[in-house]
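Start counting the sequence shown at 1; every next residue gets the next number (UniProt numbering). Written out below as structure tokens is the structure these notes cover.
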Amino acid sequence: MSDRTKDETYDEFYNVVNMTPSELEDWLDTDKSKSVGKDSGDGESIGHKSGRKIIKIKRKKKDELTDTNYNHMNEVIGYVHRHSAQKPKSDIKESNWRYSLKNWGHDPCKEMDC
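Here is the structure:
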């Protein structure tokens, strides 16, 4: 796991993942969601798989979270921070950049005017 404590990871995860489980579930069912990301080897992108894990994590109570959950939460935090730093200069509303972040549970349009 990272240098963060579990409490820090939990707080940061809930800070960067700004989509509800139902919003993320609806998003993952779209063609746009399935159109972006690096293939994990089985036809589904790494980000799309991550989104499904995020839904499960967010539906758990804090005391039900496992070390595996915390490891994935740290992965999500890192991805969202790295990818957010690569914001394109063009309109992001219908961009692959936004779609990829949404697969990881973060909709940048909730924080900025899109």
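Cβ atoms here follow ideal geometry from the backbone N, Cα and C, with glycine treated the same way. The structure displayed is predicted, hence computed values, not measured ones.
- Annotation: the continuous alpha helix (DSSP H) that includes Arg52 extends over Ile46 to Lys58.
- Straight across, the Cα-Cα distance linking Phe13 with His72 is about 10 angstroms.
- Trp97 is a Cβ neighbour of Gln86, given a cutoff of 8 angstroms.
- When the Cα atoms are used, His106 and Lys38 turn out to be separated by approximately 17 angstroms.
- In this structure, Ser50 sits away from Tyr99, with a CB-CB distance that is not shorter than 8 angstroms.
- One thing to note: His48 has its Cβ no nearer than 8 angstroms to the Cβ of Leu65.
- Put simply, of Lys60, Arg59, Gly43 and Val17 the residue whose alpha carbon is nearest the alpha carbon of Glu111 is Val17.
- The bridge partners DSSP lists for Asp39 are Ser45.
- Going by C-alpha positions, Ile55 is about 8 angstroms away from Ser22.
- One Cα belongs to Pro88, the other to Ser35, and the distance between them is close to 18 angstroms.
- Just measuring C-alpha positions, the residue of Lys102, Pro108 and Arg4 sitting nearest Arg52 is Lys102.
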